[in-house]
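Structure, as C-alpha cells:
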Amino acid sequence: MHNTGISSELFTPFLAQQHPAGKPLPRYRMLFNYLQQGIMTGKLQPATKLPSSRELAQLLMLSRNTVKQVYEMLQAEGYIETRHGAGSFVSPQLNISAGRANKTSPQTSTTIKLSLKSQQIDQLRPLYSHDNKQLLLPAMPAIDQFPWPQWQRSVASAGREMKFSSLRDNQGSPELRREIARYLTASRGIHCRMEQILICSGSQQGMQLAFSMLLNPGDKVLAEDPGFPGIDGAISNAGGIKVSIPIDSNGFRADLAMQNSAGAKVAFITPSRNFPIGYTLSLERRLALLQWARQNGSCIIEDDYDSEFRFDGPPLTAMQGLGGDDCVIYSGTFSRILHPSIRLGYLVLPTALVDPFTRMRGFLDGGLSALPQLALADFMAKGHFSSHLRRMRKLYKARRHYLLQQISEKFSDKLQWLASDGGMHGVFLLSPDYDDQQIAEQAIARGLGIRPLSYYYDQEAAQSGLIIGFAGYDENQMDKGLKILSELL
Ligand SMILES: Cc1ncc(COP(=O)(O)O)c(C=O)c1O
Numbered sequence: 007m008h009n010t011g012i013s014s015e016l017f018t019p020f021l022a023q024q025h026p027a028g029k030p031l032p033r034y035r036m037l038f039n040y041l042q043q044g045i046m047t048g049k050l051q052p053a054t055k056l057p058s059s060r061e062l063a064q065l066l067m068l069s070r071n072t073v074k075q076v077y078e079m080l081q082a083e084g085y086i087e088t089r090h091g092a093g094s095f096v097s098p099q100l101n102i103s104a105g106r107a108n109k110t111s112p113q114t115s116t117t118i119k120l121s122l123k124s125q126q127i128d129q130l131r132p133l134y135s136h137d138n139k140q141l142l143l144p145a146m147p148a149i150d151q152f153p154w155p156q157w158q159r160s161v162a163s164a165g166r167e168m169k170f171s172s173l174r175d176n177q178g179s180p181e182l183r184r185e186i187a188r189y190l191t192a193s194r195g196i197h198c199r200m201e202q203i204l205i206c207s208g209s210q211q212g213m214q215l216a217f218s219m220l221l222n223p224g225d226k227v228l229a230e231d232p233g234f235p236g237i238d239g240a241i242s243n244a245g246g247i248k249v250s251i252p253i254d255s256n257g258f259r260a261d262l263a264m265q266n267s268a269g270a271k272v273a274f275i276t277p278s279r280n281f282p283i284g285y286t287l288s289l290e291r292r293l294a295l296l297q298w299a300r301q302n303g304s305c306i307i308e309d310d311y312d313s314e315f316r317f318d319g320p321p322l323t324a325m326q327g328l329g330g331d332d333c334v335i336y337s338g339t340f341s342r343i344l345h346p347s348i349r350l351g352y353l354v355l356p357t358a359l360v361d362p363f364t365r366m367r368g369f370l371d372g373g374l375s376a377l378p379q380l381a382l383a384d385f386m387a388k389g390h391f392s393s394h395l396r397r398m399r400k401l402y403k404a405r406r407h408y409l410l411q412q413i414s415e416k417f418s419d420k421l422q423w424l425a426s427d428g429g430m431h432g433v434f435l436l437s438p439d440y441d442d443q444q445i446a447e448q449a450i451a452r453g454l455g456i457r458p459l460s461y462y463y464d465q466e467a468a469q470s471g472l473i474i475g476f477a478g479y480d481e482n483q484m485d486k487g488l489k490i491l492s493e494l495l
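The opening position of the sequence shown corresponds to residue 7 in our numbering, with each subsequent residue numbered one higher.
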C-alpha cells in the first residue's frame, strides 16, 4: 500500500470474513478486532506505518468515518499512535511477545499454577452433583407442593422493599435474622438473639467460614464416620486434619472422640440425625461433648440439616439449646425445607464469635443479595414457612410409609431398612452379594438419584447399602423409580 510497510494482501482475510455466520458484529468492531489481533500476533510489527484512513476505507469498502473511528479506538487503547502530518503507526514501544504466548495458541498449557490447597481439593472424593430431575434423590423436597403463589408475592414485596433499604449488612438482612431467631427459639429450643445470626448462601458456606475462622494448619477436626463429605473441602482449605470417629446406634462415639481429641479444635456433628444413617446422638454423649468443648476451648459445629422432619414427635432440642450457646455453632439450612436452589442457610454463633466472623465475612463476599433474604423474611413473617413445614412433615411421613411398604413387599430379601425417626431419605442395607457403588452407578445412569452408603465412609465402609430419597416424590414417581431399581437388583 502507498507509502506504508503493509501489503494490501494483509487485509484479504478481513475481506473474506465480511459476512460471518451468526449475528454479525458491527463493521467497526470487526476491523478493530482484526487490527488488534494483527498487532498482538506480530503481523503488524511495532512502528509499522498504517494506511491512511482514506486508503483503507477504499480498500475495505467501508466509510472513512468507520476507519477513523477504529483508529481512534486503537489509539485510545495504546495499540497505535498518530503523528501529526505523518500518519498512524503501530506503537513502537509495545512489547508484543509478553501478551503473545497465550494468545496465539489457545492450546499452549497455561503458565498459571494452582496453589497447593487447590491441588489438595483434587485428592478429596468428588461431591455428587444435584440433579433435580433424578428420581429418589435424597435431600430433595416436594417442589410441586411448595406454595409458589405466596412465594411470588413475597418476592414482589421484597422487590418493593429493596427500594427503601439502603443497608448492606455483612451479617445478613435484619428482617430475616429476626424471623430465624423467632423460629429457632420457638421450635428448636435454641437460645439466640438475631444479633447472633449470620446468614450464608447455604449452610455449606457457613461451614467454610467457620473452619477458616477456627482452624490453624494442623488442627484436628473430629467428625462422624459415615458423615457429610461436603465439609472435607472446607477443612482441607483451612489446613485442618479430619479425624473420623465411628458412630453407633447412639450416634457419634464420644468416648472414642475423647481418646482422639488431643489437638482437636472442632467437633463437627449432626446430633439430631446422623448424616446419612439417621441415628440420634444420646443425651449422655451430648453432655460429654459439651463438657469436652468447654474444658478445651474447642468448638462444636452442630449441623442441623433436616431435624425439622421428625415424624414421631416434635424436633429434638438442639445441642446449642442444651446450654451450649458459648461453645456450639449451630448451622441450619433452607435447602431442604424450601428448595435446594434457594441457597440460604445460617449460623447461630456464640456471642464472642459474632464480630470476628462478621468482619471476615466483609472480606469474603461482602454479604448476600438482599432480594432473596427479604423475600424469605416476608414469607416467614406471614406464616407461610411454618404452615409449609407442618404440611411437609405430614406428607413426608406418608411418603416414607409408602416407600417402606413397597420396599418390604418387593425387596425384603435384598434391602433392610435402618430405622430412623424422620428425615427425607431412608438407608437400606444391601445383602452382601451386592456392591452398592456399582448399583448406584447403574441407577444414576438410568435416571435415579440413589446414593451408595459406602461413599459416605472415610474409613473402610462398615456396611454397604443404598440411600433412597422419598420426600420429593409421589407414589407414581416412587413406583417408577423402584421399578428401575428392581431391574438392577
Ligand atoms: C448433612 C448436610 N449438611 C449440610 C448440607 C448443606 O446444605 P446447604 O444446601 O444449605 O449448603 C447438606 C446438603 O445436603 C447436608 O446433607
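Even for Gly, the Cβ is constructed at its ideal location relative to N, Cα and C.
Start and end residues, alpha helix (DSSP H) containing residue i
{"i": "Phe281", "result": "First-last for Phe281: undefined, no H or E at that position."}
{"i": "Lys416", "result": "His390 to Lys416"}
{"i": "Pro362", "result": "Thr357 to Leu370"}
{"i": "Ile251", "result": "Segment Ile247 to Asp254 is the beta strand (DSSP E) holding Ile251; no alpha helix (DSSP H) there."}
{"i": "Leu37", "result": "Arg33 to Met46"}
{"i": "Asp427", "result": "Looking at the DSSP string, Asp427 is not in any alpha helix (DSSP H), and its letter there is neither H nor E."}
{"i": "Glu15", "result": "Segment: none, Glu15 is in no alpha helix (DSSP H) and carries neither H nor E."}
{"i": "Leu510", "result": "The structure shown does not extend to residue 510, since the chain is modelled only from 7 through 495, so no value can be given for it."}
{"i": "Lys74", "result": "Arg70 to Ala82"}
{"i": "Phe385", "result": "Ala376 to Ala387"}
{"i": "Gln23", "result": "Segment: none, Gln23 is in no alpha helix (DSSP H) and carries neither H nor E."}
{"i": "Ile127", "result": "Leu122 to Gln129"}
{"i": "Ile186", "result": "Pro180 to Ser193"}
{"i": "Ser242", "result": "Asp238 to Asn243"}
Range of the contiguous beta strand (DSSP E) that encloses residue i
{"i": "Ala270", "result": "Ala270 to Ile275"}
{"i": "Arg342", "result": "Unbroken run through Arg342: none, as it is neither H nor E."}
{"i": "Lys226", "result": "Lys226 to Asp231"}
Within 9 Å, strictly: CB atoms of residue i and residue j
{"i": "Met325", "j": "Leu295", "result": "yes"}
{"i": "Ser163", "j": "Asp384", "result": "yes"}
{"i": "Phe391", "j": "Leu344", "result": "yes"}
{"i": "Ile275", "j": "Pro232", "result": "no"}
{"i": "Ile413", "j": "Leu142", "result": "no"}
{"i": "Met36", "j": "Phe20", "result": "yes"}
{"i": "Met213", "j": "Ser337", "result": "yes"}
{"i": "Asp238", "j": "Leu130", "result": "yes"}
{"i": "Phe434", "j": "Gln422", "result": "yes"}
{"i": "Arg396", "j": "Phe476", "result": "no"}
{"i": "Ile102", "j": "Phe95", "result": "no"}
{"i": "Phe369", "j": "Leu204", "result": "no"}
{"i": "Glu230", "j": "Ser209", "result": "no"}
{"i": "His394", "j": "Ala145", "result": "no"}
{"i": "Ile348", "j": "Leu382", "result": "yes"}
{"i": "Ala501", "j": "Phe217", "result": "Residue coverage of the chain in this structure runs from 7 to 495, which leaves residue 501 outside it and unanswerable."}
{"i": "Tyr40", "j": "Gln64", "result": "no"}
{"i": "Val272", "j": "Leu355", "result": "no"}
{"i": "Asp225", "j": "Gly195", "result": "no"}
{"i": "Phe281", "j": "Phe234", "result": "yes"}
{"i": "Leu380", "j": "Leu190", "result": "no"}
{"i": "Cys333", "j": "Arg291", "result": "no"}
{"i": "Ala260", "j": "Ala270", "result": "no"}
{"i": "Gly429", "j": "Arg279", "result": "yes"}
{"i": "Phe417", "j": "Leu491", "result": "yes"}
{"i": "Ala387", "j": "Glu167", "result": "no"}
{"i": "Trp484", "j": "Tyr402", "result": "It should be noted that the sequence gives Met, not Trp, for residue 484. No. Outside cutoff."}
Beta-bridge pairing of residue i - partner residues as DSSP gives them
{"i": "Cys305", "result": "Val272"}
{"i": "Gln88", "result": "As written in the sequence, residue 88 is Thr, which differs from the Gln given in the question. The partner list for Thr88 (beta bridge, DSSP) reads Ser94."}
{"i": "Gln422", "result": "Leu435"}
{"i": "Lys55", "result": "Phe95"}
{"i": "Tyr352", "result": "Ile205 and Gly338"}
{"i": "Gly257", "result": "Asp254"}
{"i": "Leu141", "result": "Leu454"}
{"i": "Arg316", "result": "Gly428"}
9 Å Cβ cutoff, residue i in contact with chain B
{"i": "Cys305", "result": "The chain labelled as chain B is not found in the depicted structure, where only one protein chain is given."}
Considering only heavy atoms of ligand 1, list every residue whose Cβ is less than 6 Å from one of them, following chain order.
Ala145, Gly208, Ser209, Gln210, Phe234, Gly236, Thr276, Phe281, Asp309, Tyr311, Thr339, Ser341 and Gly351
Can you check the region 437-491 for any alpha helix (DSSP H) of at least 4 residues that lies completely inside it and give the ranges in chain order?
442-451
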